[in-house]
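**Student:** Numbering (UniProt numbering), first residue to last: 1 to 401.
So, in structure tokens, the structure goes:
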């Protein structure tokens, strides 16, 4: 199921293809109606051959222009995501189901109009349904185009992207907590001492996800010694098992996926913040918003203990998890370095760490407590003016409280 979910999420052409097939099917239905059922309609409903051609030609031209504009807008949005936010955030727009449905409507409408234009022949003189359906298709496409403009205007806002990434991270944590409550997953401190057969990577790439349903078969014991999202090379040992042939449940690909990778969600938020404080963009308020979202995600993650993840079933799978201290360092080490020049960004980093402590387990709270001074370790306090120093000291004192 996890493999199918990943394929479904990353297959961007599925819905447009389905709508295109639907447009061709609609053409067949309209042709059948006009050929075999037109005698059941009043004569006033019929259109001439020339009028039908004019309508379908105008519809096709208008739809093609509309779709061209939509594609151009998509390129602008993708360029904005890549240059202003982060290249890793591109899938968050491309995989948006609303955008794919709208593109599907455009492609289905164009498919219908071009195929109907091809079939408008003297045998269809006195057409009843074709022209009416063409007008209806145009109206639906106009509604879809208005919706597309709205979606693009929302998606290009950085706050929309950050909120979407935040929801993505919260969903991963909630799924983990639900599985723990249902006793499908457990946290353990130690794995298997030794299993007979090594598991090697079938190709180079990132460990995107594990298909637990395929791995946790009857009698199977599997241990994965790397975290999800790690980069592996072909032939690299990534774990052990008590049987051979388990590689089919381990999905490795050229890019990271956030289906099971919470760290990747945090990384995307961090990269948006880093890009915002770069000299070319210089938008510290966006970085501060990203840091607040990071702090809330860390607050939820800090409620879970460290340890490997045990997935039970007919068999068992043990997966190495990133520790809280590792996640904390990987989240802030670049932000800390590049954010030292902006007091507001540095103060918000401390606020996000304070937020992460609120519901944290005692061991994670202690980790955050020792990490907070590290965030300010490169700051030259003597170079600050009185106002900045007093403000930052208050924030630091509050974070350490």
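We put the beta carbon where it would ideally sit given N, CA and C, even for glycine.
Where residue 372 and residue 142 are concerned, what is the direct C-alpha to C-alpha distance, given to the nearest angstrom?
**Tutor:** Going from the Cα of residue 372 to the Cα of residue 142 covers about 53 Å.
**Student:** Would residue 190 be called buried (16 or more neighbouring beta carbons within 10 Å of its own) or exposed?
**Tutor:** It counts as exposed.
**Student:** Using three-state DSSP, classify residue 246 as helix, strand or coil.
**Tutor:** Note: residue 246 maps to coil in three-state DSSP.
**Student:** Considering only C-alpha positions, which residue in the set 346, 327, 377 is nearest to residue 364?
**Tutor:** When each option's Cα is compared against that of residue 364, the closest is 327.
**Student:** For residue 300, which of helix, strand or coil comes out of DSSP?
**Tutor:** Three-state DSSP puts residue 300 in a helix.
**Student:** Is residue 296 closer than 9 Å to residue 355 when the C-beta atoms are compared?
**Tutor:** In this structure, residue 296 lies closer than 9 Å to residue 355 by Cβ.
**Student:** Return the first residue and the last residue of the beta strand (DSSP E) that residue 120 is part of.
**Tutor:** From DSSP, residue 120 is part of no beta strand (DSSP E); its letter is neither H nor E.
**Student:** Give the range of the alpha helix (DSSP H) segment to which residue 370 is assigned.
**Tutor:** Its alpha helix (DSSP H) spans residues 362-375.
**Student:** For residue 197, which beta-bridge partners are listed by DSSP?
**Tutor:** Beta-bridge pairing links residue 197 to 241.
**Student:** Give every residue of the same chain whose Cβ lies closer than 6 Å to the Cβ of residue 228, excluding the five residues on either side of it in the sequence, and list them in chain order.
**Tutor:** Closer than 6 Å at the Cβ level, and outside the excluded window around residue 228, lie 207, 260, 261.
**Student:** I need the straight-line Cα distance from residue 391 to residue 14, nearest angstrom please.
**Tutor:** Answer to the nearest angstrom: the Cα atoms are 53 Å apart.
**Student:** Would you tell me roughly how many angstroms separate the C-alpha atoms of residue 385 and residue 171, rounded to the nearest one?
**Tutor:** Distance between the alpha carbons of residue 385 and residue 171 is about 43 Å.
**Student:** How would you call residue 280, buried or exposed, if buried means at least 16 neighbouring beta carbons within 10 angstroms?
**Tutor:** Burial call: exposed.
**Student:** Quick one: which unbroken beta strand (DSSP E) runs of 3-plus residues sit fully inside the region 280-348? Chain order, please.
**Tutor:** Counting only runs of 3 or more, we get 308-312, 316-319.
**Student:** Specify the secondary structure class of residue 96 as computed by DSSP and reduced to three states.
**Tutor:** Looking at residue 96 - three-state DSSP - the assignment turns out to be coil, as it is neither helix nor strand.
**Student:** Along the beta strand (DSSP E) that carries residue 205, what are the first and last residues, could you check?
**Tutor:** From DSSP, the beta strand (DSSP E) with residue 205 extends over 205-210.
**Student:** What separation, rounded to the nearest whole angstrom, lies between the Cα atoms of residue 75 and residue 400?
**Tutor:** Approximately 46 Å, taken between the alpha carbons.
**Student:** Considering only residues of the same chain and omitting the five flanking positions on each side of residue 30, which have a CB-CB separation below 6 Å?
**Tutor:** Only 129, 130, 133 meet the Cβ criterion.
**Student:** Between the alpha carbons of residue 197 and residue 211, how many angstroms are there, rounded?
**Tutor:** Distance between the alpha carbons of residue 197 and residue 211: 19 Å.
**Student:** Out of 201, 249, 243, 215, which has the shortest C-alpha to C-alpha gap to residue 231?
**Tutor:** If we check each option's Cα against that of residue 231, 201 comes out closest.
**Student:** Between the Cα of residue 305 and those of 50, 237, 187, spot the shortest distance and give me the residue it belongs to.
**Tutor:** The option with the nearest alpha carbon to residue 305 is 187.
**Student:** Quick check: the region 64-71 against the region 161-169, are there 3 or more CB pairs under 8 Å?
**Tutor:** Touching, no.
**Student:** Note down the Cα distance separating residue 113 from residue 105, rounded to an integer number of angstroms.
**Tutor:** Going from the Cα of residue 113 to the Cα of residue 105 covers about 12 Å.
**Student:** Check residue 260 in the structure and name its three-state DSSP category.
**Tutor:** Residue state, collapsed to three classes: coil.
**Student:** Since residue 223 sits in a beta bridge, which residues does DSSP pair it with?
**Tutor:** In DSSP, residue 223 forms a bridge with 240, 318.
**Student:** Taking the alpha carbon of residue 151 as the point to measure from, which residue in 109, 70, 136, 215 has its own alpha carbon closest?
**Tutor:** When only C-alpha atoms are compared, the closest one is 70.
**Student:** Measuring alpha carbon to alpha carbon, tell me which residue in 242, 334, 149 is nearest residue 223.
**Tutor:** Checking every option, the nearest Cα to that of residue 223 belongs to 242.
**Student:** Which term fits residue 97, buried or exposed, when burial requires 16 or more other beta carbons within 10 angstroms of its beta carbon?
**Tutor:** The residue is exposed, with fewer than 16 neighbouring Cβ atoms inside 10 Å.
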